[in-house]
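K.L.:
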Amino acid sequence: MAVLPVRLFGDPVLTMPAAEVTTFDAELRRLVRNLRDTLRDQQGAGLAAPQLGVSVRAFVFHVEDLEGHLINPVLRFPDEEEQDGPEGCLSMPGLYFDTVRRQNVVAKGFNEHGDPLQIVGAGYLARCLQHETDHVDGVLFIDRMDRERRKAAMKAIRLAEWNNEPAPRVKISPHPVTHRSR
Ligand SMILES: [Zn+2]
Numbered sequence: 015m016a017v018l019p020v021r022l023f024g025d026p027v028l029t030m031p032a033a034e035v036t037t038f039d040a041e042l043r044r045l046v047r048n049l050r051d052t053l054r055d056q057q058g059a060g061l062a063a064p065q066l067g068v069s070v071r072a073f074v075f076h077v078e079d080l081e082g083h084l085i086n087p088v089l090r091f092p093d094e095e096e097q098d099g100p101e102g103c104l105s106m107p108g109l110y111f112d113t114v115r116r117q118n119v120v121a122k123g124f125n126e127h128g129d130p131l132q133i134v135g136a137g138y139l140a141r142c143l144q145h146e147t148d149h150v151d152g153v154l155f156i157d158r159m160d161r162e163r164r165k166a167a168m169k170a171i172r173l174a175e176w177n178n179e180p181a182p183r184v185k186i187s188p189h190p191v192t193h194r195s196r
């Protein structure tokens, strides 16, 4: 079991787009295991690789009875329906802010062995899949808020106790990757 420290808001690894996984090897499976162990320890809904300082497109999630992971996630929205409600992030511990998200999502990607995988999510699962996919794009949930909500969130973040600790160094994974053109 490997529970690793979660990178906090302000760490540059959280705002850089992560690299696509091209090799589904033992190192990737170790990363998925570390993500799962850390997520269980933190009792969160989702955790993305950049939050452990590894800038690759992978995340794990645990929503209600559904626990899983997704590599190289791509989202599709089957309709226009939205949801609004509280959202949190293990990189901003203890803080929850209302965030508008899509209600329904189809997430496509791969499992840790490179097999294609599709997850259809609604409600909180859909929220989690959007939050974690944002993480591998270097996007944080405060970036999804309107100006007023974002201002209130930034104030709470400034006041948070954990925000007064120095950020750790960015670790770039030795995992072979190619950068996604966008
Ligand atoms: Zn998060």
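My numbering applies: residue 15 is where the sequence shown begins, and numbers increase by one.
In this text, a Cβ means the ideal position worked out from N, Cα and C, and glycines have one as well.
Because the structure is a prediction, the values reported are computed rather than measured.
Just how far apart, CA to CA, sit V70 and L22?
P.N.:
Distance between the alpha carbons of V70 and L22: 17 Å.
K.L.:
Taking Cβ to Cβ, would you say A62 is nearer than 8 Å to F73?
P.N.:
Yes, they are a contact pair.
K.L.:
Please report how far the alpha carbon of R196 lies from the alpha carbon of D148, in whole angstroms.
P.N.:
Summary for R196: the model assigns pLDDT 49, below 50, so the residue's position carries little reliability, and this model does not support an answer.
K.L.:
Considering only C-alpha positions, which residue in the set P26, M15 and L109 is nearest to R47?
P.N.:
R47 has its Cα closest to that of M15, out of P26, M15 and L109.
K.L.:
For ligand 1, is there a heavy atom less than 7 Å away from the beta-carbon of H149?
P.N.:
The answer is yes for H149.
K.L.:
Quick check: is any heavy atom of ligand 1 less than 7 Å from the C-beta of H83?
P.N.:
Because no heavy atom of ligand 1 lies under 7 Å away, the Cβ of H83 does not count as near it: no.
K.L.:
How about S197: is its Cβ closer than 7 Å to a heavy atom in ligand 1?
P.N.:
Because the chain is modelled from 15 through 196, residue 197 falls outside the range shown and cannot be assessed.
K.L.:
So what does DSSP say about R164, is it helix, strand or coil?
P.N.:
If DSSP states are grouped into helix, strand and coil, R164 belongs with the helices.
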